[in-house]
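Beneath this line is the structure, given in structure tokens, with notes to follow.
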Amino acid sequence: AAVIAHWNTFVDEVNGLDVTTTNLGISVASLNADVAEVRLGWFAEIHVHDASTAQSIPATSSYTKLTCFTDDGASSGISPDYTNDKIAVIQPGYYLVNGSFNFTSDTDNLLIKGSAFLGGVRQDNLYFCRKAATGANAESVSFTGIVDVTTSSDLDVRVSHSGVSAVSLTVL
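The numbering used here puts the first residue of the sequence shown at 597, with every later residue one more than the last.
Laid out in structure tokens, this is it:
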């Protein structure tokens with residue numbers, strides 16, 4: 597699954613103030629020195645579950661877009677698009693991006709590398725690398741990070757590998 601969420605954070609420098617809010621009803625935290633309010637704003641999700649279709653990933657140093665997503669999840673203010681394996685971010689702001697994947701491959705002793713791409717640009721803070729010692733084993737990877745979206749952009753996930761020939765990768 598790949599999830600993106602936008603949030604706004606406000607900090608009030610008043611000591612010991614307890615605040616209750618119904619503003620989107622997400623959360624308010626009272627800290628010893630500060631009161632922080634966190635509101636969930638725009639978000640979207642695309643995901644795949646129990647997939648069995650392998651995708652061929654060529655032997656190249658460039659990344660290949662994952663085309664495994666089968667469903668859109670919940671969204672608000674952002675457009676999930678599993679048919680094009682992307683999330684269209686249309687509002688500028690800072691976004692928290694989470695990705696979690698389980699996969700198998702048809703090749704042993706292989707490094708699988710991946711990253712979220714925003715507007716076609718790899719996001720170095722949203723990167724993963726996993727050694728698949730035995731290709732038939734289910735491997736797990738994840739990433740979490742913040743991106744600064746300044747203009748409408750597509751968010752997708754791309755992978756590459758260390759093999760010398762094409763590899764079949766199945767995201768479970």
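Ideal placement from N, C-alpha and C gives every residue a C-beta, glycine not left out.
Only a predicted model underlies this, so the values are computations on that prediction, with no experimental measurement involved.
Of the candidates Gly669, Gln687, Val760, Tyr659, the residue whose Cα lies closest to the Cα of Asp744 is Gln687. Ser756 sits away from Lys682, with the two beta carbons spaced by 8 Å or more. With 16 or more other Cβ atoms from the protein chains shown falling within 10 Å of its own Cβ, Ser711 counts as buried. If you look at Phe713, you'll find it in the beta strand (DSSP E) that goes 706-714.
When the alpha-carbon of Val760 is set against those of Asn705, Tyr723, Val767, the nearest one is in Asn705. Contact annotation: Phe699 and Glu735 have beta-carbon atoms nearer than 8 Å.
Val763 is bridged by DSSP to Ile653. Taking C-alpha positions only, Thr740 is separated from Asn694 by approximately 4 Å.
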